[in-house]
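Take a look at the structure set out below.
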Amino acid sequence: MSAALSRRSVLAAGSGLLVSIALPGSQVWADEPPLPGSLKETPLLDAWIRVGPDGAITAFTGKTELGQGLKTALIQIVAEQLDVAPARIGLVTADTARTPNEGFTAGSHSMQDSGTALLNAAAQTRLLLLDAAAAALGVAAETLTVVDGVVHAQGGATRDYGSLAAALSLHVRAQPTGGLKDPASYRVMGASMPRIDIPGKVTGGAAFIQDMRLPGMLHARAVRQPSTGAVLLRADTEAVGRLPGVVKVMREGSYLAVVAAKEWQAIKAMRALAASAEWRESATLPEQSQAPALIRSLPARDIPVLTWSNPAAPAVQRISARYTRPYQMHGAIGPSCALGAYLNIFAIESFVDELAAAAGADPVDFRLRHLTDERARDVIRLAADRFGWDTKAPREPDRGRGFAFARYKNLGAYCAVALNLSVEHETGQIRLGRVVAAVDSGQPINPDGIRNQIEGAMVQAASWTLYEEVRFDRRHITSTDWSGYPVLRFPAAPDSVEVHVLPRPGQPFLGTGEAGQGPMAAAIANALRDATGARVRDLPLSAERVKAAIGV
Amino acid sequence: MMKLTVNGREHAVDAEPDTPLLYVLRDDLGLNGAKFGCGLGQCGACTVIVDGEAVFSCLTPIATLAGRAVTTIEGLGSAQAPGPVQRAFIEEQAAQCGYCIAGMVMRAQALLTRTARPSEQQIRDAMNPNLCRCGTQMRILAAVRRAAGMVPEKAAAR
Chain A
2 MSAALSRRSV LAAGSGLLVS IALPGSQVWA DEPPLPGSLK ETPLLDAWIR VGPDGAITAF
62 TGKTELGQGL KTALIQIVAE QLDVAPARIG LVTADTARTP NEGFTAGSHS MQDSGTALLN
122 AAAQTRLLLL DAAAAALGVA AETLTVVDGV VHAQGGATRD YGSLAAALSL HVRAQPTGGL
182 KDPASYRVMG ASMPRIDIPG KVTGGAAFIQ DMRLPGMLHA RAVRQPSTGA VLLRADTEAV
242 GRLPGVVKVM REGSYLAVVA AKEWQAIKAM RALAASAEWR ESATLPEQSQ APALIRSLPA
302 RDIPVLTWSN PAAPAVQRIS ARYTRPYQMH GAIGPSCALG AYLNIFAIES FVDELAAAAG
362 ADPVDFRLRH LTDERARDVI RLAADRFGWD TKAPREPDRG RGFAFARYKN LGAYCAVALN
422 LSVEHETGQI RLGRVVAAVD SGQPINPDGI RNQIEGAMVQ AASWTLYEEV RFDRRHITST
482 DWSGYPVLRF PAAPDSVEVH VLPRPGQPFL GTGEAGQGPM AAAIANALRD ATGARVRDLP
542 LSAERVKAAI GV
Chain B
31 MMKLTVNGRE HAVDAEPDTP LLYVLRDDLG LNGAKFGCGL GQCGACTVIV DGEAVFSCLT
91 PIATLAGRAV TTIEGLGSAQ APGPVQRAFI EEQAAQCGYC IAGMVMRAQA LLTRTARPSE
151 QQIRDAMNPN LCRCGTQMRI LAAVRRAAGM VPEKAAAR
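If you're matching them up, the sequences are chains A and B in order. When we follow this note's numbering, the leftmost residue of the first sequence carries the number 2, and every step to the right adds one. When we follow this note's numbering, the leftmost residue of the second sequence carries the number 31, and every step to the right adds one.
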């Protein structure tokens with residue numbers, strides 16, 4: 002019995018109760034492929050999509066909007082598959098009482114997990130609604146069309162989603178496949194749509210946890226330990242307790258905090274408390290210069306990410322190199338944006354350039370020669386083409402161009418970056434010029450959203466690559482503010498950044514948010530090598546380090 | 031009681047005179063736009079305009095504001111009727127997490143009030159005090175150019 006047949010016959014019985022009893026049995030589903038995305042963990046359609054008797058459509062996701070444009074993209078998916086205007090879809094995000102539990106919103110997983118679940122849930126919901134309409138109208142489902150939530154038969158008869166849903170249960174298990182529209186017919190998925198969260202964010206709307214104000218809310222501030230492992234000896238909690246507005250001073254072991262009626266009162270009390278505190282500090286950190294050697298001496302565990310073997314011809318030349326990155330700070334200004342591990346790509350893609358140089362090959366040609374994945378080759382060709390990568394272009398002193406490619410975590414989006422830069426010879430300062438990226442995220446939902454994410458990933462990675470390094474002495478992290486932890490500011494932003502999104506109709510969604518970071522880091526290092534002849538393998542590529550490497 | 035003029039309205043504020051403007055805006059007046067970022071004037075998330083100048087509200091005690099006009103992003107427009115600079119940010123989709131964006135808009139507004147047609151270098155220099163950790167700098171620059179009328183409509187179409 003095919004899945005589709007079993008569902009249709011069950012649905013024909015027209016009872017949600019019957020469906021939910023009949024379907025969980027394991028025998029029918031034993032040979033089924035796994036459900037796509039987060040449907041695996043949350044298989045019932047009405048956990049994802051509800052259609053009210055008034056036709057109101059609500060979609061549910063366990064992922065949350067972090068400014069990656071998730072809400073907009075999910076609404077586009079549901080709108081497309083249900084044939085309803087995006088403005089008519091309500092979306093509930095990450096509500097423990099109402100939405101599927103999809104764990105963290107991190108690691109560029111939201112589209113693969115939640116996007117895929119909603120895609121299939123919405124498509125199958127549409128199928129059920131069409132089946133119900135077909136039964137009600139006495140016509141074949143294939144002859145029906147849907148315009149903004151209203152089902153039209155060829156003879157002109159209509160049924161709206163609301164009335165159809167009222168007589169139908171969506172409390173049914175999703176199917177592994179089925180119901181998806183022909184990608185060639187997509188009008189909402191794949192078309193750029195302005196993000197729904199941006200107007201509020203540029204006009205002072207409540208968008209962040211900091212914007213939540215509760216009746217009678219107090220303000221607390223903690224006193225930070227001055228150094229790692231510092232032990233609190235004493236603090237004048239009594240005097241601080243008498244300061245204006247202070248409600249309570251908390252001390253638990255070496256943890257100190259204050260609670261006050263107003264925020265500024267809490268800050269002043271926290272400062273007074275910090276000033277009164279005496280600590281016993283000890284040297285718990287290694288010398289910063291010794292940290293890499295120390296880390297290498299610690300027990301390590303190898304985690305295979307991908308095991309793959311393709312024996313090559315015996316090596317004619319053996320090349321080895323070691324790449325390092327310093328500790329980098331998440332350093333969010335407010336809430337969070339992702340700090341992915343990008344060292345691997347920096348190392349691999351720097352090394353690919355070293356190999357290309359050893360082989361006397363052009364870096365782009367070399368990559369194309371050794372990659373067999375056509376999608377990888379496509380983004381490389383597109384980035385090189387749009388950049389105008391020209392092996393024979395005339396060279397200028399202290400100007401260079403670099404290329405890098407990665408598939409995020411070997412399973413997410415494909416991204417290739419080509420860029421040029423100049424190096425100020427006297428200072429070692431790198432100045433980023435034109436940056437061109439190509440990305441394959443599978444079926445794009447919101448191309449401009451993808452561009453925004455990739456642009457952000459590349460500019461953020463430029464900051465890590467050029468500047469960022471947490472400094473510490475034997476007792477303290479000494480990078481405690483933006484003066485001690487410089488990051489990229491506007492004057493150092495690239496001259497231009499452009500991102501080209503490959504159309505991949507109907508292909509599975511691939512995690513995109515962090516895909517630009519690793520390639521950007523390596524492209525900068527490769528361009529630095531191209532500009533100066535110096536291969537710098539230790540991050541950051543700070544002016545000081547570049548100056549030392551080019552020997553001025 | 032201190033009298034403060036914010037977005038053209040006078041408010042009587044019950045706060046200690048050394049209180050930085052930021053906390054009065056957020057906690058006493060319930061305005062969300064200006065954000066606490068570093069409290070040190072190093073990131074610009076708290077930027078508002080006082081008498082036409084962009085200032086760090088986290089470092090500006092309200093005692094210094096008697097008789098002066100404070101403008102926050104709420105004073106530039108609303109989501110339904112955004113002001114020109116806000117509209118440019120929306121059209122360029124110049125935000126990711128958005129935590130820095132109110133400060134960016136206010137910094138840009140102060141620049142454009144002073145210099146209607148800034149050069150690229152003037153824009154970058156003026157925006158220098160404000161940080162964006164999501165890497166939205168290219169779109170923010172594009173939004174400032176657009177607000178200054180420096181983006182031809184065709185090139186602006188995405």
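Just so it is clear, CB atoms sit at the ideal spot from N, CA and C, and this is done for glycine as well.
request  = Give, in chain order, every unbroken run of the beta strand (DSSP E) that is at least 3 residues long and sits entirely within the stretch 229–304 of chain A.
outcome  = Taken in chain order, the complete beta strand (DSSP E) segments of 3 residues or longer contained in the stretch 229–304 of chain A are 232–235, 247–253, 256–261, 279–281.
message = Let's test the definition: count the other Cβ atoms within 10 Å of the Cβ of G205/A and tell me whether it reaches 16, buried, or not, exposed.
response = For G205/A, the number of other beta carbons within 10 angstroms of its own is at least 16, and it is reported as buried.
query = What residues from chain B crowd round R214/A, counting only those whose CB sits closer than 8 Å?
reply = By Cβ distance, chain B contributes D57, G60.
Range covered by the beta strand (DSSP E) that runs through Y564/A = The shown model of chain A, from 2 to 553, leaves out residue 564/A, and the question about it has no answer.
message = Between P336/A and chain B, is the shortest Cβ-Cβ distance under 8 Å, so that the two count as touching?
response = At P336/A the pLDDT is 43, less than 50, meaning the model places this residue with poor confidence and gives no usable figure here.
task = Consult DSSP for P25/A and reduce its assignment to one of helix, strand or coil.
result = Here P25/A scores only 38 on pLDDT, less than 50, and its place in the model is too uncertain to base an answer on.
task = Taking C-beta pairs closer than 8 Å, name the residues in chain A that Q167/B reaches, listed in chain order.
result = Chain A residues near Q167/B: V460, L489, F491, A494.
message = Using 8 Å as the threshold, is the C-beta distance between E427/A and P327/A below it?
response = Not closer than 8 Å, so no.
task = Give the single residue among V247/A, M251/A, E279/A whose Cα lies nearest to the Cα of K269/A.
result = Nearest of V247/A, M251/A, E279/A to K269/A, Cα basis: V247/A.
ask   = When you check each C-beta in the stretch 446–478 of chain A against every C-beta of chain B, which residues fall closer than 9 Å?
value = Hits within the stretch, in order: P448, D449, G450, R452, N453, Q454, E456, G457, A458, M459, V460, Q461, A462, A463, S464.
Proximity to A48/A [Cα-Cα], best of G70/A, A86/A, A98/A = By alpha-carbon distance to A48/A, the top candidate from G70/A, A86/A, A98/A is A98/A.
task = List the residues of chain B that G205/A touches, going by C-beta distances under 8 Å, in chain order.
result = Neighbours of G205/A in chain B, taken as residues at a C-beta separation under 8 Å, are given in chain order as L61, N62, G63, T102, I103, E104, A132.
key: Environment of N102/A [buried if 16+ CB atoms lie within 10 Å]   = Exposed.
key: Sub-8 Å separation of T77/B and M136/B beta-carbons   = Yes, the Cβ-Cβ distance between T77/B and M136/B is below 8 Å.
message = Can you pull out the residues from the stretch 254–272 of chain A whose beta carbon lies closer than 9 Å to at least one beta carbon of chain B?
response = Answer set for the stretch 254–272 of chain A: K263, E264, W265, Q266, I268, K269.
message = Rounded to the nearest angstrom, what separates K64/A and G163/A at their Cα positions?
response = Counting only the Cα atoms, G163/A lies some 27 Å from K64/A.
task = Under 7 Å Cβ to Cβ from E66/A, same chain only, skipping five residues before and after it: list those, please.
result = Spatial neighbours of E66/A in its own chain (CB-CB distance under 7 Å, excluding positions within 5 residues in sequence) are listed in chain order as K72, T94, D198.
message = Applying the 10 Å Cβ sphere with the 16-neighbour rule, what's the burial state of E350/A?
response = Buried is the label assigned to E350/A, since at least 16 other Cβ atoms lie within 10 Å of its Cβ.
Three-state class that DSSP yields for L344/A in the structure shown = Looking at L344/A - three-state DSSP - the assignment turns out to be helix.
query = What residues from the stretch 105–139 of chain B come within 7 Å of chain A, judged by C-beta to C-beta, listed N to C?
reply = Those residues of the stretch 105–139 of chain B placed with their C-beta closer than 7 Å to a C-beta in chain A are G107, S108, A109, P112, Q116, F119, I120, Q123, A125, Q126, C127, G128, Y129, C130, I131, A132, V135, ordered along the chain.
inquiry  = Given this structure, state the Cα-to-Cα distance separating E33/A from M194/A, to the nearest angstrom.
reply    = Their backbone Cα atoms lie some 36 Å apart in a straight line.
inquiry  = One question on the structure: do A86/A and D132/A come within less than 8 Å of each other, judged by their Cβ atoms?
reply    = No; because the gap between Cβ atoms is not below 8 Å, this pair is not in contact.
ask   = Are the C-beta atoms of L34/B and some chain A residue less than 8 Å apart?
value = No - not a single Cβ of chain A is within 8 Å of the one on L34/B.
request  = Starting from L28/B, follow its DSSP beta bridges and name the residues at the other end.
outcome  = Outside the shown range of chain B (31 to 188) lies residue 28/B, about which nothing can therefore be said.
query = If the cut is a Cβ gap below 8 Å, which residues of chain B does W483/A touch?
reply = Per Cβ cutoff of 8 Å: C68, L70, Q72, C73, L161.
ask   = Which residues mark the beginning and the end of the beta strand (DSSP E) in which Q211/A is found?
value = In this chain, Q211/A is not harboured by any beta strand (DSSP E), its DSSP state being neither H nor E.
query = What are the start and end residues of the beta strand (DSSP E) that includes A84/B?
reply = From DSSP, the beta strand (DSSP E) with A84/B extends over 83–86.
query = DSSP three-state call for G401/A: helix, strand or coil?
reply = G401/A: strand per DSSP, three-state reduction.
inquiry  = Please return the same chain residues whose Cβ sits closer than 7 Å to the Cβ of D354/A, not counting the five positions on each side in sequence.
reply    = Taking C-beta separations shorter than 7 Å and ignoring five residues to either side along the sequence, the partners of D354/A in its chain run P364, N527, R530, following chain order.
ask   = For R147/B, which residues from the same chain have a beta carbon less than 8 Å from its beta carbon, with the 5 sequence-adjacent residues on both sides left out?
value = A178, G179, M180, listed in sequence order.
task = Could you pull the start and end residues of the beta strand (DSSP E) that I50/A belongs to?
result = Where I50/A is concerned, the enclosing beta strand (DSSP E) stretches over 50–52.
ask   = At a CB-CB cut-off below 8 Å, which residues of chain A make contact with C164/B?
value = Within 8 Å Cβ-Cβ: G68, C338, G457, Q461.
message = Per DSSP, what are the beta-bridge partners of A60/A in this structure?
response = For A60/A, the beta-bridge partners assigned by DSSP are I50/A, L92/A.
query = Between the Cα of Y415/A and the Cα atoms of V380/A, W390/A, S170/A, which residue gives the shortest distance?
reply = Residue V380/A holds the alpha-carbon nearest to the alpha-carbon of Y415/A among V380/A, W390/A, S170/A.
ask   = Can you tell me the Cα-Cα spacing of Q72/B and L171/B, whole angstroms?
value = Distance between the alpha carbons of Q72/B and L171/B is about 19 Å.
M31/B: first and last residue of the uninterrupted beta strand (DSSP E) it sits in = The continuous stretches of beta strand (DSSP E) do not include M31/B, and DSSP gives it neither H nor E.
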